[in-house]
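Residue numbers for the sequence shown follow the working numbering, so the first one is 22 and each next one is one higher.
Worksheet: one structure, shown below.
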Amino acid sequence: MQTLILIGRKVETHDFGIQKYDLVFSAATIQWIPEKICFPKVNELLKSGGTLAMFMTRTDEKTPNGALYDAIQKVYDEHFQVETKYTCRLDYDNVVNYGFVDYNYSDWKRTRVYTAEEYIEYLASTQVEHITLQEPYKSSFYNGIRETIINMGNKITLNDTIALYLAKKP
Numbered sequence: 022m023q024t025l026i027l028i029g030r031k032v033e034t035h036d037f038g039i040q041k042y043d044l045v046f047s048a049a050t051i052q053w054i055p056e057k058i059c060f061p062k063v064n065e066l067l068k069s070g071g072t073l074a075m076f077m078t079r080t081d082e083k084t085p086n087g088a089l090y091d092a093i094q095k096v097y098d099e100h101f102q103v104e105t106k107y108t109c110r111l112d113y114d115n116v117v118n119y120g121f122v123d124y125n126y127s128d129w130k131r132t133r134v135y136t137a138e139e140y141i142e143y144l145a146s147t148q149v150e151h152i153t154l155q156e157p158y159k160s161s162f163y164n165g166i167r168e169t170i171i172n173m174g175n176k177i178t179l180n181d182t183i184a185l186y187l188a189k190k191p
């Protein structure tokens, strides 16, 4: 089985030649690419009958944290100033508008619990706009988040929905 794992936006410009794949897999990468580019490109890369698998995680930080969530929002309001806004809004359901068939959705639930330090590491390495945060806002923001979580028990809970979207090339 020939599998292509989408690692970044290079799929937009990379020359794959005549190579075709049985599976193209994206774990929250495809959402960075405008659908009018990514869906036709993936369709072109797949063999007939090949599968596009798109994973993403939706995280609910509000429901399990109550007052902690509200306190963290105050830190965002005061210190979260990004230069590069995340503007790409991929609608996974639109894959059918680009020739894909047998579109299916599945999801799984999980809960994660982080200390303040673990949560800062998570934000800094995985969250789209957080990665682009520059000084002097970056230090103030992360210090504010850290202090807020520590002052409220040093624990934050995240309820995740892990989504899987599957579609086939006819």
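Quick reminder that beta carbons are idealized off the backbone N, C-alpha and C, glycines included.
- Selection Thr50, Lys57, Glu150 evaluated against Gly120 yields Lys57 as nearest (Cα-Cα).
- Judged by DSSP secondary structure, Lys68 falls within the beta strand (DSSP E) whose first and last residues are 67 to 81.
- Nearest to Asn118 by C-alpha distance, out of Thr136, Leu154, Ile152, Lys190, is Lys190.
- With a cutoff of 8 angstroms on beta-carbon distance, Asn175 and Thr84 are scored as not near each other.
- Across the set Ile141, Lys159, Tyr186, Ile183, the C-alpha of Ile141 shows the shortest separation from the C-alpha of Arg167.
- Inclusion of Ser127 and Leu67 in the CB contact set at 8 angstroms is not warranted, their separation being larger than that value.
- Its chain contains Ala49, Asp181, Thr182, Ile183, Ala184 as the residues whose beta carbon lies nearer than 8 angstroms to that of Thr78, once the 5 sequence neighbours on both sides are disregarded; these appear in chain order.
- Annotation for Phe101: Phe162 place their beta carbon closer than 6 angstroms to its own, counting only its chain and skipping 5 residues before and after.
- Residues of the same chain with a CB within less than 7 angstroms of the CB of Gly38, apart from the 5 flanking positions on each side, do not exist.
- Its Cα nearest to that of Gln23, the residue Ser69 stands out among Phe76, Ser69, Pro55.
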